[in-house]
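Contents: one structure, followed by commentary.
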């Protein structure tokens, strides 16, 4: 129990610091760039996260799969060879992404009124080469202190690099700073693994051999298709709205929407560590076929999300004011509160429903539901984007509330099906 509390405390500390630093970065960029240029930066970042985080998501799954069967007594040479494969896999992902995405990004840059090179780099280079492999190692080996230390160092580095680059080169410079900070994450992670965890890092020659090793090129690449699709859908829901607004509205509206969403995310971040604890309790209750306990945990989730809604009413406009005081007004207040309330409910029940989807081995239905959610969100944004910030915020909140109902119903249905399959 003490270990669980300690691990949770480290993760909470890293998450809290990341959120504070993110608010500081957003506040600086709004003041430095202005709301229009900040909107351009927000669109480029949304593209990068949408295009690359899905690949990183899959890379992390591969890392966990490659290491979960490894014993502590595995020879250092074998561990190093496995890590060489994981880094090579990340590099293959980047190469494949470049071949597929680069022409598309180059051609679509005028549609978003952004610099072609910055637009292309934001979509490709936000992939953290080796970063996902390192996180996978830390997760499998339950080294949450190292994971938190890695996150803290990465967050502080990101603040300095983005601020320095933005002060010199504006919105494009901020993107370049983000790219540099993401590569710095890999370097920091490698240093922590080498000197704190004494992980045998692979040599450059070993990585190069793995890249061109046809015999291992397909190793477990095809086994994580569902997790890849889940990752893509999660990123469409998380960042597709910003990209959609940048197509149908002005850069200023994009900037204001991003400010409102950044402020709205504070409350959901505050409850996320507790949601993580509830996830663990749900897994335990599921394995025990304890339907009463599962229902009680669902009630706790609802109470937590309702409390988060009250927090969001206060924290969302307060955070939005800190980020953009010059643009703060009635429109931004209403938008941040609406999105904040909807986001707390949606993220809480979305996280819980994903646990039930995995436990009940019903990931196909879960993916269908997420496809519906992504389609609803993008459709509503395209329909209301030209009507202004309040209309977009209201549409987004309606989609979040619909998703909350859908995912809550799915979770309760999973509990009932568990009882039928394995009665108490």
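Numbering (my numbering), first residue to last: 292 to 715. Just so you know, even glycine gets a beta-carbon here, dropped at the ideal spot from N, CA and C.
Item, Value
"Residue range of the unbroken alpha helix (DSSP H) whose run includes residue 496", "495 to 502"
"Residue 304 versus 390, 396, 436, 382, residue with shortest Cα-Cα distance", "436"
"Neighbour-count burial assignment, residue 556, 16 or more Cβ in a 10 Å radius", "buried"
"The region 497 to 505 / the region 463 to 472 touching (three or more Cβ pairs under 8 Å)", "no"
"Check whether residue 610 and residue 619 have beta carbons under 8 Å apart", "no"
"Chain-order list of residues whose beta-carbon lies under 7 Å from that of residue 699 (same chain, five-residue window excluded)", "640"
"Local Cβ density within 10 Å of residue 485, reported as buried at 16 or more and exposed below that", "exposed"
"Where residue 489 falls: helix, strand or coil (DSSP)", "coil"
"Check whether residue 589 and residue 691 have beta carbons under 8 Å apart", "no"
"Straight-line gap, residue 373 to residue 570 (C-alpha atoms, nearest Å)", "30 Å"
"Collapsed DSSP secondary structure at residue 619 in the structure displayed", "coil"
"Three-state secondary structure (DSSP) of residue 687", "helix"
"C-beta contact flag for residue 592 and residue 337 at 8 Å", "no"
"Proximity winner among 596, 456, 541, 408, relative to residue 632 (alpha-carbon distances)", "596"
"Given 8 Å, three or more beta-carbon pairs between the region 655 to 665 and the region 532 to 546", "no"
"Three-way DSSP call (helix, strand, coil) for residue 653 in this model", "coil"
"Rounded distance between the beta-carbons of residue 663 and residue 582, thought under 8 Å", "Contact doesn't hold; Cβ gap of about 27 Å is too wide."
"Assigned exposure category for residue 627 - 16 Cβ within 10 Å defines buried", "buried"
"Cut-off 8 Å between Cβ atoms - residues of its own chain near residue 564, not counting five sequence neighbours on either side", "299, 302, 303, 306"
"With 16 other Cβ atoms within 10 Å as the buried cut-off, status of residue 712", "Here residue 712 scores only 46 on pLDDT, less than 50, and its place in the model should not be relied on; the value that follows carries that caveat. Answer is exposed; the Cβ neighbour count stays below 16."
"Cut-off 7 Å between Cβ atoms - residues of its own chain near residue 258, not counting five sequence neighbours on either side", "Because the chain in this structure spans residues 292 to 715, residue 258 falls outside the shown range and cannot be described."
"Residue 599: first and last residue of the uninterrupted alpha helix (DSSP H) it sits in", "582 to 614"
"Through-space distance from residue 381 to residue 362, alpha-carbon basis", "Reliability fails at residue 362, whose pLDDT of 49 lies under 50, so the model's placement of it is uncertain and no value is given."
"Collapsed DSSP secondary structure at residue 446 in the structure displayed", "helix"
"Proximity winner among 594, 315, 475, relative to residue 454 (alpha-carbon distances)", "315"
"Local conformation of residue 540 per DSSP, three classes", "coil"
"Environment of residue 509 [buried if 16+ CB atoms lie within 10 Å]", "Note that residue 509 scores 46 on pLDDT, short of 50, meaning its location in the model is unreliable and no value can be drawn from it."
"Separation of residue 625 from residue 514, as counted between CA atoms", "Reliability fails at residue 514, whose pLDDT of 46 lies under 50, so the model's placement of it is uncertain and no value is given."
"Distance, residue 708 Cα to residue 701 Cα", "10 Å"
"Residue 677, buried or exposed, once every other Cβ within 10 Å from all chains shown has been counted against 16", "exposed"
"Simplified DSSP assignment, three categories, for residue 480", "helix"
"Alpha-carbon to alpha-carbon, residue 608 and residue 459", "30 Å"
"Where residue 493 falls, given that 16 or more other Cβ within 10 Å makes a residue buried", "buried"
"Which listed residue (425, 434, 520) has its alpha carbon closest to that of residue 480", "425"
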